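Notes for the one structure printed next.
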Amino acid sequence: MTATGRQKEGTVAMDADVIVVGAGLAGLVAAHELTSKGRRVALVDQENAANLGGQAYWSFGGLFLVGSPEQRRLGVKDSFELAWSDWQGSAAFDRTDDEDSWAVRWARAYVEWAAGEKRSWLDGHGITFLPTVGWAERGDLRAGGHGNSVPRFHIAWGTGTGVVAPFTRYAREAERDGLLTFHHRHRVDELVLENGAARGVRGTVLAEDDAPRGVASSREAIGEFELTAQAVIVTSGGIGADHDIVRKYWPERLGTPPREMVTGVPAYVDGRMLDISARAGVRLVNRDRMWHYTEGIRNWDPIWPGHGIRILPGPSSLWFDALGRRLPEPCLPGYDTLGTLRHLRTTEDIAPYDHSWFVLTQKIVEKEFALSGSEQNPDITAKDRAGFLRERVLGKGAPGPVDAFLRKGADFVTAATVEELVERMNALTDEPLLDAALLRRQIEARDRQLANSYSKDAQVQGIRNARRYIGDRLGRVATPHRILDPAAGPLIGVKLHILTRKTLGGIQTDLDSRALGADGSPVDGLYAAGEVAGFGGGGVHGYNALEGTFLGGCLFSGRAAGRAAAAQTA
């Protein structure tokens, strides 16, 4: 049965079998599953057509895979058993009788998919990968703890833009064939339930706005709308652009929330649909779990308000707190995101400050600095293999986007000596907190650890361990050298900010992506996928992510929601 829209004065009537709320990656995947089975879809989003693909479009395009051909070619021995052990150690599920009851089932299903069908499924959609595999979230230095035991971060040719592209194409083809209708600039304000079943949405029609992708758009209301359908799928994303909501749910275990943060997602990532869903009787879980980075820098060429970029660091930069003390292990570059955040926000004398520092050399920045974001990796985004080789493998100097930050970024300073560097670093803060003599002593102590091929310094050990992996040795980790070696200079200081990114909790769902009510039973006709559902089950990651799992979580949960809704509406 096809639903009929009920039109009121100033509204637009819409008809569909299934309504999908949110035109990001999870929503596009769900829509594809539906239209490929002949269902008519209304795809509703508060932004304009330029923003199809949502946050995923802007991502680096990393995907978590287990036992892939790329890993095998690089000599990486991986397995479901190892990956599942890593996932459990990272997630640390401790609410399995309640808020984690479905999340842990989603987690195992996702790792099984990553070790099985996922690679061929992606290939079927034309998504291919760089030949190297990144070693993200190296962990907390415990075999049974947080982190990836082996490299699993597969970067898609095309970055996140390339991951989104086939599903955007499917949506436009379905529109051409009369199976999908886009309703841009329609903001959902209410989920409509009748007799306990989801039967539609109500909301506000926003004024047309031709703002470019990612740029904050107008919220001027020009009318109302109501749509009815047999099912509704919520795929509206998380809370990362609303710092007030981030602070509201900031957990005590992570200390005090920062006064100032940079923003890693566009302004439309506002979390509105979480509370709207709760008002409809949907159960929200694990709202205290979130994922924010400690290596954020201010974008010198911003697109959205407070636009921050994350540095994806190799393991060699020295990391200092706001008072100039080297961070303890496992707070090392690329190791333990939330462990480092917890240290910076719970250590009493540095918690009042919202920044930390990298100190490194030109030699390190050239080999080890990557920047998150499709726009910061134009060679990969354009699938320019020749340009990739020319820029990143055969070329000299830092990649172009990194060099632009060195020259134009407000958080970067360079100098020939420690004393000059510290003077310039202190100029970036309200008060001079750093002491050059203290920094020099710590750098010299670290440099002395390089005299032998073995060391007691955990970071130096990690650098040498990383270079045993050919992917890191060839393209990711600089040859070990003294920070104070003039031949490796100049010295570089980078002021690092907390960068907001992901919601790890959300709408609790079963393995069919059906949204659960307060009593734990499915709400008839209501589904949720992507970040708004904690990437599956209300929190598939538990407390920590292994990276490459956010895009993958949108793909996996969006697919499940679309297939289940298609079956319901058969």
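With positions in the sequence shown counted from 1, the corresponding number in this note's numbering is that position plus 11. We put the beta carbon where it would ideally sit given N, CA and C, even for glycine. As the structure is a computational prediction, the values presented were derived from the model and not from experiment.
With contacts defined as CB atoms closer than 7 Å, Val212 and Ile474 fail to qualify as a contacting pair. In terms of Cβ geometry, Ala581 and Ser524 do not form a close pair [threshold 7 Å].
Among the bridge pairs identified by DSSP, Asp26 is matched with Thr239. Here the segment 246 to 255 does not lie against the segment 337 to 348, with fewer than 3 beta-carbon pairs under 8 Å apart.
Scanning its chain for C-beta atoms nearer than 8 Å, with the 5 sequence neighbours on each side dropped, one finds around Ser70 the residues Thr170, Gly171, Val174, Ser383, Gly384, Ser385, Phe561, Leu562, in chain order. The continuous beta strand (DSSP E) containing Met301 extends over residues 301 to 309. For the 7 Å CB-CB criterion, Val245 and Val433 do not form a contact.
DSSP lists His165 as the bridge partner or partners of Leu74. According to the DSSP secondary-structure assignment, Trp368 is paired through a beta bridge with Phe331, Lys506. In the DSSP assignment, Arg525 falls outside any alpha helix (DSSP H) and lies within the beta strand (DSSP E) extending over 525 to 527. Assignment of Gly547 by DSSP, reduced to helix, strand and coil, places it in the coil class. Annotation: the continuous beta strand (DSSP E) that includes His195 extends over 191 to 195. For Ile320, the enclosing beta strand (DSSP E) begins and ends at 319 to 323. Arg452 counts as exposed, since fewer than 16 other C-beta atoms from the protein chains shown sit within 10 angstroms of its C-beta.
Here DSSP, grouped into helix, strand and coil, assigns Ala53 to strand. Looking at Ala176, Asp299, Thr511, the one whose alpha-carbon comes closest to that of Tyr554 is Asp299.
Here Arg270 is near Asp365, since their CB atoms are less than 7 Å apart. With distances taken between CA atoms, Val404 lies nearest to Arg487 out of Arg487, Asp312, Trp302, Ile503.
For Glu402, the CB contacts under 8 Å within the same chain, skipping 5 residues up- and downstream, are Asp390, Pro410, Gly411 in chain order. Here Ala421 really is in contact with Trp311; their C-beta atoms are around 7 Å apart, less than 8 Å. Phe369 and Ala578 have their alpha carbons spaced roughly 52 Å apart. Taking Asp111 as reference, the option from Phe75, Leu527, His165, Leu557 with the minimal CA-CA separation is Leu527. Secondary structure of Pro412 (DSSP, three-state): helix. C-alpha of Ala529 to C-alpha of Glu201: approximately 18 Å in a straight line. By the CB criterion at 7 Å, Gly249 and Gly319 fall outside the cutoff.
In this structure, Ser367 keeps its C-beta atom at 7 Å or more from the C-beta atom of Leu510.
Judged by their CB atoms, Glu379 and Gly317 are not nearer to each other than the 7 Å cut-off. Taking the CA atoms as reference points, His195 sits about 9 Å from Leu217. With 16 or more other CB atoms across the displayed protein chains lying within 10 angstroms of its CB, Asn159 is buried. For the pair of segments examined, the segment 219 to 228 was found to touch the segment 58 to 69: the number of CB pairs separated by less than 8 Å reaches three. Contact between Phe75 and Ala125 holds: their C-beta atoms lie close to 5 Å from each other, under 8 Å. DSSP lists Ala167 as the bridge partner or partners of Phe140. Rounded to the nearest angstrom, the gap between the Cα atoms of Arg294 and Gly516 is 11 Å. Taking one beta carbon from each stretch, the segment 477 to 497 and the segment 445 to 461 have 3 or more pairs nearer than 8 Å; the two touch. Within 10 angstroms of the beta-carbon of Gly335 lie 16 or more other beta-carbons, which makes it buried. Pro497 carries a helical assignment under DSSP once its states are collapsed to helix, strand and coil.
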